[in-house]
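Quick notes on the structure that follows.
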Amino acid sequence: MKPKELLKIYIETELVDILEPLGFKYAKSGPKFSRKTGPFTLSVSFCISKYSSEDYCIFWSEWSISSKDYKKWYKKIWNTELVNDVIIGSSEWNIPNWLESEHDYVVLSNSDVDKQEFKRFIHNVLNVGIPYYEQVIDWSTAADLALQAPIVFYGEVCDFYIMANQREKAKQILDYALERATDEDYEELKARMEKYFN
């Protein structure tokens, strides 16, 4: 069985019936699950490794929170379109407390062990991934969570605090970021400082 088909079978027989009652919509084309809560959309998509082969599917999940509100706000403030509306995202292995197996990913081999492997994945989705991203309930918690990412985009974190009407935190973040900025980031951060605080 082709890797994509093998993964699709497990998603559609084991995961759809669990996530849909939680408000997630399933898009077969992705495959991807998404759920909108207020201005935020939590998405879980699946990546299949290029090292997968017949009856051997190596996959992992990618998690993101997006917001059309941020994209609109950014356009209004900066008169520039953002490339996308993702505000926070990561691979599953960067989510704190994600339980690992012997691999950093899930392996399905079209055998009896697949059910146990996929159950472990479902456990992580329900007990680690969803609760972690459900912390984002407003722009302040979005900023707080974005600060925990492996790569922090300080300009965006500042924006989120501004949107949350927490100007002092936004300024602290910008001050911190400007002290450590690379040449590449400095001008963008400086522009925010001038626009928001001068």
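For what it's worth, the working numbering labels the leading residue of the sequence shown as 1088, then goes sequentially.
For glycine and all other residues, C-beta sits at the position ideal for the given N, C-alpha and C.
As the structure is a computational prediction, the values presented were derived from the model and not from experiment.
Item to check | Contact belief for proline 1237 with asparagine 1181 at Cβ below 8 Å, rounded distance in angstroms | outcome: 5 Å
Next on the checklist: Can you tell me where the alpha helix (DSSP H) holding alanine 1264 begins and where it ends?
Outcome noted: 1254-1267
Checklist entry - For glutamate 1221, does the three-state DSSP call read helix, strand or coil? => result coil
Checklist entry - Rounded to the nearest angstrom, how far is the Cβ of glycine 1216 from that of glutamate 1179, given a contact under 8 Å? => result 7 Å
Checklist entry - Hey, isoleucine 1135 and lysine 1091 are a contact pair by Cβ (cut 8 Å); roughly how many whole angstroms apart? => result 6 Å
Checklist entry - Does the separation of the CB atoms of glutamate 1204 and leucine 1195 fall below 8 Å? => result yes
Checklist entry - Where do the ends of the alpha helix (DSSP H) carrying alanine 1278 lie? => result 1270-1284
Item to check | Minimum length 3: unbroken beta strand (DSSP E) runs contained in the region 1134-1199 | outcome: 1144-1153, 1173-1178 and 1193-1195
Next on the checklist: Which same chain residues end up closer than 6 Å to valine 1223 when comparing Cβ atoms and leaving out the 5 residues on each side of it in sequence?
Outcome noted: Phe1127, Ile1152, Ala1229 and Leu1232
Next on the checklist: For the beta strand (DSSP E) containing alanine 1251, name the first residue and the last one.
Outcome noted: Per DSSP, alanine 1251 belongs to no beta strand (DSSP E) and is neither H nor E.
Checklist entry - Going by beta carbon distance, what residues of the same chain come within less than 7 Å of phenylalanine 1284, once the five residues before and after it are set aside? => result Lys1258
Checklist entry - Of all the options Val1193, Ile1175 and Pro1118, which has the alpha carbon lying nearest to the alpha carbon of phenylalanine 1146? => result Val1193
Next on the checklist: If you follow the alpha helix (DSSP H) that serine 1227 is in, where does it begin and where does it stop?
Outcome noted: 1226-1233
Checklist entry - In angstroms, rounded to a whole number, what distance separates the CA positions of valine 1200 and aspartate 1225? => result 41 Å
Checklist entry - What residues match up with threonine 1128 in a beta bridge as DSSP calls it? => result Lys1123 and Ser1153
Item to check | Cβ neighbour criterion (16 or more within 10 Å) applied to valine 1244 | outcome: buried
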